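Step one of this worksheet: look at the structure below.
Residue numbers (our numbering): 0 to 137.
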């Protein structure tokens, strides 16, 4: 299952959901406010497994693959603090190739293990500086 919704963080911290067809000249119509945790997607054996979208108002949005109730596979996560990650997940953590962006616009692109950059990565800072090299976490 794959939804065609667009999720928008509002300045007051709420999340709303609409479709591309309902956006005209920067204005939304036919908007649904997400007031509680929601999951729209595949369920197997009573657990989120397959493709789905999870929204937790004030915390995060996750769109992607699931296994046994955890993000697992390819997905996109955006948190209320402005950070985001697009890439591979394993057991709910950033794991594999991905791109992480913090709230300031600093970007780390490369390999992640247990949610931490590890191996070859490129870091681009919001001030236009960059670092390219091997991250190692002991």
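Glycine included, each C-beta is placed from N, C-alpha and C at the ideal position. Bear in mind the structure is a predicted one, so any value in this text is a computation, not a measurement.
Using the Cα positions of residue i and residue j, report the straight-line distance between them to the nearest angstrom.
i: residue 33; j: residue 77; result: 15 Å
i: residue 94; j: residue 27; result: 35 Å
i: residue 104; j: residue 98; result: 12 Å
i: residue 0; j: residue 41; result: With a pLDDT of 40 at residue 0, under the threshold of 50, the modelled position of that residue is not reliable, and the figure given next carries that caveat. Cα to Cα, the separation comes out at about 6 Å.
i: residue 53; j: residue 18; result: 16 Å
i: residue 44; j: residue 128; result: 48 Å
i: residue 100; j: residue 87; result: 14 Å
i: residue 37; j: residue 90; result: 20 Å
i: residue 121; j: residue 16; result: 33 Å
i: residue 29; j: residue 9; result: 15 Å
Thinking C-beta only, is residue j closer than 8 Å to residue i?
i: residue 48; j: residue 67; result: yes
i: residue 134; j: residue 108; result: no
Within the continuous beta strand (DSSP E) that includes residue i, where are the two ends?
i: residue 89; result: 83-89
i: residue 70; result: 69-78
i: residue 97; result: 92-100
i: residue 66; result: 59-66
i: residue 21; result: No beta strand (DSSP E) holds residue 21; DSSP gives it neither H nor E.
For the candidate residues the options, whose alpha-carbon lies nearest to that of residue i?
i: residue 14; options: 83, 87, 60 and 40; result: 60
i: residue 83; options: 29, 51, 43 and 114; result: 114
i: residue 102; options: 123, 80, 86 and 92; result: 80
i: residue 25; options: 75, 123, 7 and 38; result: 7
i: residue 31; options: 4, 51 and 11; result: 4
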